[in-house]
Structure formats: C-alpha cells, structure tokens
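Colleague: Would you mind keeping the following structure in view while I ask a few things?
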Amino acid sequence: MQDYISQVFDDGGLFASRFPGYEVREGQVALARVVDKAMRDGRHTLGEGPCGTGKSVAYAVPAIWHSRHDKKRVVIATANIALQEQLVRKDLPMLASVLPWSFSFALLKGRNNYLCLDRLAESEARGELRGLFDDDQQAQVDDVAAWARTTNVGDVSELPFIPAHLVWARFAVGSDECKAEGCQFREECFAERARAIAQEADIVVTNYHLLFAHIAVRRETGQDLVLPPFDLLVLDEAHEASDIARDFFGFSVSEHTFARLASAAADFGDKRLAGELRQEAGRLFEHLVGVARSARQAKRLRAPGFASAPGMQRALRSLIAHANERAEDDSREKKVRSTARNVARNAATACERLEEILQLSDAEKVYWIELDAKGRAKLRAKPIEVGALLREELFGRCPSVSCMSATLTTAGTFDFIRRELGVPRDALELVADTPFDFASQALLVVPERLPDPRDPGFVEAIATVFREVLDLCDGRTLGLFTSYRNLNAVYERVASGRHRVLRQGELPRAELTRLFAHDVSSVLLGTESFWTGIDIAGEALTGLVIDKLPFPPPDDPVIEAICERDPRAFDNYLIPRAIIALRQGVGRLIRCKTDVGVVVILDRRIAEKGYGRRFLKSLPPMLSTRRVENITRFLAEAADARAG
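Numbering (this note's numbering), first residue to last: 18 to 661.
Next comes the structure, spelled out in structure tokens:
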C-alpha cells in the first residue's frame, strides 16, 4: 500500500490531481518524512526548510495524519501572528479540502487578543470611550465599538486595522485582570469560547507566549490550564524560541506597576494606602533613574544594595491583606471578590519580583535598570539560559517536538540551536534542499577597500557604495541596517537622488512594504524588524544591501552575562547568533524560482576575518565578487537567460 506521504506529495498524488502545474519539491517531501518518523517513533526533530520549501505544509501533513490515525492532539506554536494567520486561513483550510482524513483545527491566542465584554461594559459605564483620545484614536474607538456589537469571534485580528494600545486597552484585559468565575459575561466570553473550541480540536495553532504561559502554569499547578493537553508539538520559526522564552520567563517592574495597584487600593476606598503606594513608587524610581544615569541605556545590577524599598514592601503587604479580606467576604458580590483576588495576586507578584531584584537573588538571571526615551526607569530581569528549562518542560514531557525554521544551522551544523533550546542529542536532523538555483539567481558582493565598521569614515563610505548600487539596480533595493544611526546617516545621503526612498518609522511597516512592492523603482531602508517577514517576489526587490554583520549588541545585559560565563562566547554564541540573523536578512532576496538579485554586504570582515568563513559557509551557494560594477553584467546575463 502506498504510504500517505507519497499519496499526498508524489506526481499523480493528491496535490498533483488538485493543483494544475504542481511540481514535487524534494525538500518538502524530505521534511514531511522526517517529521513523520519523529512523530511515529516518539523522537524529536530539527528540520531546516529553506525559503520555497513549503515547510508549513511539510510538517502539517504528518501532524494531521498522526492526530487522526493515532488520536494525538498536535499543538503548532509560531513566533508571530502572520504565520498563525497563514496556517489557519490558508494552509490548514487548503489541506482540509484536499486530504481524505477529516480533522479539526483551532487558533488560540492570549486573552488580551479577544474583546472583553466586561471591560467594554465598564468603559461605557465610566464614559471612557469619549473625550480621552485624539481624533485618530477616537475614530479607532468608534470603529472598535461598532465591531464589538456585531462580532461573533471577538478576535482583534478581525479588525481591518491594528488599534493603538491605548484604544484596545478599553476593550480587552490580560489574564491578570480577568475576573474569571466572577465575571458577569463568563458564559459569553470570547476568550473562553476560543479555549473551549481548542479543547476539542485535533490541531491547535498558538504562539510561543501562550505555550510558555502553559509551561509556567503547569509548573505551578501541575495542570493543563492554558492549552489543552497535547501529545505532539511543532515549534515553527524555532530559531526565535529561546529569545521569546527569555522574555517570557523574565519580568519587568516599573512605576506603572505600582500606579495600577494604587488605583486598585483607591477603588477599595483606601485613599491613604493608594497615596502611600504612589509616593513610595515615585521615591524608588526617582532613585533608580539616578543609579542608571551613569549608563547610556541600561545599568547592569551586579550586587545588592543599589536601592531599598521597605516602605513600598510594607504598603504592598497591606494591600495584599486588604484585597484578601475583600476576596473572602461572602457578603460581597462575586465580581468584587474576583477582582480582589486578582489584586491580591498581582500585588503579591509585584512584591516578590521587587524583593528578588533588590536582592539579586537568582544567580541564573541577569538584572538591570532600563531607561526609556523619556528617561523613566524600569527594573528588568531575564534568565541567562533557557535550554535546561525547555529540555525539561518541552522535550522531557512531550513525546515528539519538531523544531522547524528556514534558519536553524550555522556553518552547516545544528550545534548552536541544540544548545539554545536544550534539544536532546538523539534528535533527528535534516537540512532540506532549496528549490532555488542560487548560482544563477543571486550574486554576492562584498566590496573591496571599504573601511572597517568601527572606522569614523565607515558611514560615508557605505553611503557612496549604496548610491552606486541604487544606480546599478535602478532603485529596487532593500537596505537592512544594524542601527538607526547607520540607517539615518545613509538616508540623508541618498534620499535626494532620483529614486523614492522609504524609511522605517515614517509609516507603519505593512504600509512601507506595500509601497515598496508596488513602486518597483523605490528603495526601502529598515532595521531589525525588516530583516524577517518581508516577502516580496519579483523585480521590486533586485538589490539587498546589508550594512554590517548583525552581531548582537555587546552592551545587552543578557549578552554581557553570557560572555562572562563562557570565555569562548564569541565563537559559541555571538557568531552563531549573527549568522542566523544574517541568513534571515539574506533570505529576503530570492523568494521564488524566477527571482534574480544581488546581495551586497558592506562589512569587509566577512571576506577578511577568519570567522568570516563561517558566515560565508552558512549562506546559499551564490556567485561572489569584490567588485560592485560586476552587478551590471550579472543582471544583464540573468535577463538574457530569462529571455532565452
């Protein structure tokens, strides 16, 4: 009997019979087979599927088959909303229409992605939907309020725009504010309804934050209270999982943290306690600003004694006692008791976190003071490593975890990502073949005689080369920068040319991307968020210029702590991180088999330093040159080849 993967992917198979012009992609089939083997044998997988492989369909087919054949629920966790939406709006519905095995799927997001009917009622009762916003925000409030009266799902992604944070806060709550059983709208709750649907689904699509919330709650309670119990797990964009885990299992404490608790105390009728909380918070964070002034952006905390807050801790303990008293008072309304329980829990969490940071009590975390653009201080904490936690809570509990991405390897090995995620040594590994012919589709240019990136003349020199590339490519260029400083400096030197130059920050990211794609001679300049997720096929993106190798910033407190722990951190951590980031950036260029383009890296170190070989070995097998003028011949020959 033909195996199900052949039945789906082979010539004459289900895809071929459904989609005219279907071509078998060997890399996609290989990925599907390794995921199938891992799920079948109870093993873990590291699978790299380059752009064009079709990796989401490659892992979804075996996930669906095992969910139905073996009665195992599968959770697919992604790093971003765009990929979640692609899965639930495109890939899974397509597979449901093609595959002969019926299956159900559901999308589950964090609570604050759903309209809260109780919060809406409160906002309306308090008059908070009028008079608190500028004209643009008020228009959003009116549109959200109109949508709220008609929606059946309550998911913010239904809106045709992304509401401002201040606007959406009038319509939604986080898990720490939810009244749970005490809510008058419990039976109608959109978040609970989504969770109930997920409880019955074969495939649950979610995000890393919710997956890590599930881990945290399970560690505390021993129960599956966030996600439904699952047997198989897929981590898509797995190269981002460790950083998201550090963010999730870290925390921050700001003056706003205590302002919210002070407001809760005022709502309880205790104006004295509310005033005390605000006064103590103001005193503490004013002191922290002074402590952090010696650093430009972040002040690493290395020893206790940098601050004390006995008054704040006393006030928090008073609030906890007051809130618990209200929560246990059976004469009060259910929703009042539920709100009081939330306040007690949030105050206890704030007290514990403040005490932890003041004492620097966890040697596995790094602590620092961060100043925002307005000079306000925030206390931050993050775990230095998350591999051991993920090994125990994911790979140690789930029979099969499939880690998928277009960029998991560095210089051909999975060693770095294995350490970062805590993946067991016996995991299956596969790097799928690319469907693209990079030798004929792409040219790598590392211009000679550029100054070192640390040289004062570097920006002027790269701006000169950038202008030359724009002329040779007739615009049609995406510039990826490692800093706003370099981006803005180059922008000032090229914006007056004959091509329209779009710059990050002038418009929303999606709008900039749309304009760049439609104006085929335009130029787009972006920093970190533009290194990933930009998908523009065709002539609009012919040139890709990268200013520097994207090493993580050395003054990042987590990076500092990693470097202090490992004397070989440059080789073991900084270079692999930079390689993965560079591969993501370079991956913006060739998006389909007919694309042709040039990658220009303006950092001589990739060609002249010994470690540069590791970067070059990690890139697709492109033709390469040190001479910018060779771009003209390459593009002309590529055009002739297409015409022939």
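Glycine included, C-beta positions come from ideal geometry on N, C-alpha and C.
Should the stretch 456 to 469 be regarded as contacting the stretch 610 to 626, the criterion being three or more beta carbon pairs within less than 8 Å?
Modeller: By the Cβ criterion, the stretch 456 to 469 is in contact with the stretch 610 to 626, since at least three pairs of Cβ atoms, one from each stretch, lie closer than 8 Å.
Colleague: Helix, strand or coil for Thr366, going by three-state DSSP, please let me know.
Modeller: Here the question's residue 366 lines up with position 349 in the sequence shown. Correct three-state label for Thr366: helix.
Colleague: So, at 6 Å on beta carbons, what are the nonlocal neighbours of Met18 in its own chain, with the 5 sequence-adjacent residues on each side left out?
Modeller: As a first step, residue 18 must be located in the sequence shown, where it is residue number 1. In this prediction, Met18 has a pLDDT of 35, which is less than 50 and means its spatial position is unreliable; what the coordinates show is noted afterwards. So no residue of the chain qualifies.
Colleague: Distance, Cα to Cα, Ala332 vs Leu294?
Modeller: Within the sequence shown, the letter at position 315 stands for residue 332. Within the sequence shown, the letter at position 277 stands for residue 294. Distance between the alpha carbons of Ala332 and Leu294: 6 Å.
Colleague: Please state the DSSP three-state secondary structure of Ile648.
Modeller: Here residue 648 refers to the residue found at position 631 when the sequence shown is read from its first residue. DSSP places Ile648 in helix when its eight states are reduced to three.
Colleague: Under the DSSP definition of a beta bridge, which residues are partnered with Ala506?
Modeller: Here residue 506 refers to the residue found at position 489 when the sequence shown is read from its first residue. Looking at the DSSP assignment, Ala506 forms no beta bridge with any residue, so it has no partner.
Colleague: Buried or exposed: where does Pro574 fall if 16 or more other Cβ atoms within 10 Å of its Cβ makes it buried?
Modeller: Locating residue 574 in the sequence shown gives position 557, counting from the first residue. So Pro574 counts as buried.
Colleague: DSSP three-state label for Glu387, please.
Modeller: Here residue 387 refers to the residue found at position 370 when the sequence shown is read from its first residue. Residue state, collapsed to three classes: strand.
Colleague: Run through DSSP, which three-state label would Met18 get?
Modeller: Locating residue 18 in the sequence shown gives position 1, where the first residue counts as 1. Caution is warranted here: a pLDDT of 35 is assigned to Met18, below 50, making its placement in the model unreliable, and the coordinate value is therefore given only provisionally. If DSSP states are grouped into helix, strand and coil, Met18 belongs with coil.
Colleague: By DSSP, does Met329 sit in helix, in strand, or in coil?
Modeller: Numbered from its first residue, the sequence shown carries residue 329 at position 312. Note: Met329 maps to helix in three-state DSSP.
Colleague: Going by DSSP in three states, Arg520 sits in which element: helix, strand or coil?
Modeller: Counting from one through the sequence shown, the residue named residue 520 turns up at place 503. It is a strand residue.
Colleague: Quick one: residues in its chain with C-beta nearer than 7 Å to the C-beta of Asp536, no 5 flanking neighbours on either side, listed in chain order?
Modeller: On the sequence shown, residue 536 is found 519 positions in, with the first residue counted as 1. Closer than 7 Å at Cβ, skipping near neighbours: Arg517.
Colleague: The beta strand (DSSP E) with Leu489 in it runs from where to where?
Modeller: Indexing the sequence shown from 1 puts residue 489 at position 472. No beta strand (DSSP E) contains Leu489, which is instead part of the alpha helix (DSSP H) from 475 to 490.
Colleague: Can you tell me the Cα-Cα spacing of Arg289 and Gln201, whole angstroms?
Modeller: Position 272 of the sequence shown, counted from the start, is the residue given in the question as residue 289. Position 184 of the sequence shown, counted from the start, is the residue given in the question as residue 201. For Arg289 and Gln201, the distance between alpha carbons rounds to 30 Å.
Colleague: Got a sec? Which residues, its chain only, sit under 6 Å from Val222 by beta carbon, not counting five neighbours each side?
Modeller: As a first step, residue 222 must be located in the sequence shown, where it is residue number 205. Correct list, in chain order: Ile93, Gln101, Leu104, Val105, Leu124.
Colleague: Looking at Asp287: is its Cβ nearer than 8 Å to the Cβ of His339?
Modeller: Along the sequence shown, read from residue 1 onward, the residue named residue 287 stands at position 270. Along the sequence shown, read from residue 1 onward, the residue named residue 339 stands at position 322. Result yes, Cβ atoms of Asp287 and His339 sit closer than 8 Å.
Colleague: Among the candidates Arg310, Lys88, Glu381, whose CA atom is the shortest distance from the CA of Lys391?
Modeller: Locating residue 391 in the sequence shown gives position 374, counting from the first residue. Nearest of Arg310, Lys88, Glu381 to Lys391, Cα basis: Arg310.
Colleague: I'd like to confirm the pairing. Which residues does DSSP put opposite Arg317 in its beta bridges?
Modeller: As a position in the sequence shown, residue 317 is number 300, starting the count at 1. Bridge partners of Arg317: Trp385.
Colleague: Based on the DSSP output, what are the partners of Tyr131 in its beta bridges?
Modeller: Taking the first residue of the sequence shown as 1, we reach residue 131 at position 114. Asp172.
Colleague: If you follow the alpha helix (DSSP H) that Met111 is part of, which residue opens it and which one closes it?
Modeller: Taking the sequence shown and counting its residues from 1, one reaches residue 111 at position 94. Note, Met111: alpha helix (DSSP H), 109 to 115.
Colleague: Only counting the same chain, and skipping five residues up and downstream in sequence, which positions put a Cβ closer than 6 Å to that of Ile553?
Modeller: Taking the sequence shown and counting its residues from 1, one reaches residue 553 at position 536. Excluding sequence neighbours, Ile553 sits near Ala534.
Colleague: What do you reckon, are the CB atoms on Pro637 and Ala428 nearer than 8 Å?
Modeller: If you number the sequence shown from 1, residue 637 lands on position 620. If you number the sequence shown from 1, residue 428 lands on position 411. Their beta carbons are not under 8 Å apart, which means Pro637 does not touch Ala428 by this criterion.
Colleague: Going by beta carbon distance, what residues of the same chain come within less than 8 Å of Asp108, once the five residues before and after it are set aside?
Modeller: Within the sequence shown, residue 108 is the residue found at index 91, counting from 1. Ser73, Val74, Ala77.
Colleague: Using alpha carbons as the reference points, say which of Arg263, Asp346, Gly307 lies closest to Ala405.
Modeller: As a first step, residue 405 must be located in the sequence shown, where it is residue number 388. Nearest option by C-alpha distance: Arg263.
Colleague: Let me make sure I understand the geometry here. Which of Ala598, Arg605, Asn647, Thr649 has the alpha-carbon closest to that of Phe632?
Modeller: Here residue 632 refers to the residue found at position 615 when the sequence shown is read from its first residue. Minimum Cα distance to Phe632 is reached at Ala598.
Colleague: So what does DSSP say about Lys351, is it helix, strand or coil?
Modeller: On the sequence shown, position 334 is the one that residue 351 refers to. Lys351 falls in the helix class under three-state DSSP.
Colleague: Identify the continuous beta strand (DSSP E) that holds Ala398 and give its terminal residues.
Modeller: For the purposes of this step, residue 398 is taken as the residue at position 381 of the sequence shown. Ala398 -> beta strand (DSSP E) spans 394 to 400.
Colleague: Just to confirm my understanding: we take Gly191, look at its own chain, exclude 5 residues before and 5 after, and list those with CB closer than 7 Å. What are they?
Modeller: Taking the sequence shown and counting its residues from 1, the one referred to as residue 191 is at position 174. The residues are Arg128, Asn129.
Colleague: Enumerate in chain order the residues of its own chain whose CB-to-CB distance from Leu48 is below 8 Å, with the five nearest sequence positions on each side excluded.
Modeller: In the sequence shown, counting from the first residue as 1, residue 48 sits at position 31. Counting only Cβ-Cβ distances below 8 Å, and skipping sequence neighbours, we find Gly64, Gly66, Thr70, Lys72, Ala75, Tyr76, Met421, Leu447, Ala449.
Colleague: Would a check of beta-carbon distances place Arg362 closer than 8 Å to chain E?
Modeller: The structure shown contains no chain E; it holds only a single protein chain.
Colleague: Does Arg605 pass the burial test, meaning 16 or more other C-beta atoms within 10 Å, or should it be called exposed?
Modeller: On the sequence shown, residue 605 is found 588 positions in, with the first residue counted as 1. Per the 10 Å Cβ criterion, buried.
Colleague: State the beta-bridge partners of Leu542 as determined by DSSP.
Modeller: For the purposes of this step, residue 542 is taken as residue 525 along the sequence shown, with counting starting at 1. Gly496, Arg520, per the DSSP bridge assignment.
Colleague: Rounded to a whole number of angstroms, what is the C-alpha to C-alpha distance between Leu116 and Phe412?
Modeller: Here residue 116 corresponds to residue number 99 of the sequence shown, with the count starting at 1. Here residue 412 corresponds to residue number 395 of the sequence shown, with the count starting at 1. Linking Leu116 to Phe412 through their CA atoms gives a straight-line distance of about 29 Å.
Colleague: Please determine if the stretch 495 to 503 and the stretch 556 to 568 are in contact, where contact requires at least 3 C-beta pairs separated by less than 8 Å.
Modeller: Three or more Cβ pairs closer than 8 Å define a contact, and the stretch 495 to 503 meets that threshold against the stretch 556 to 568.
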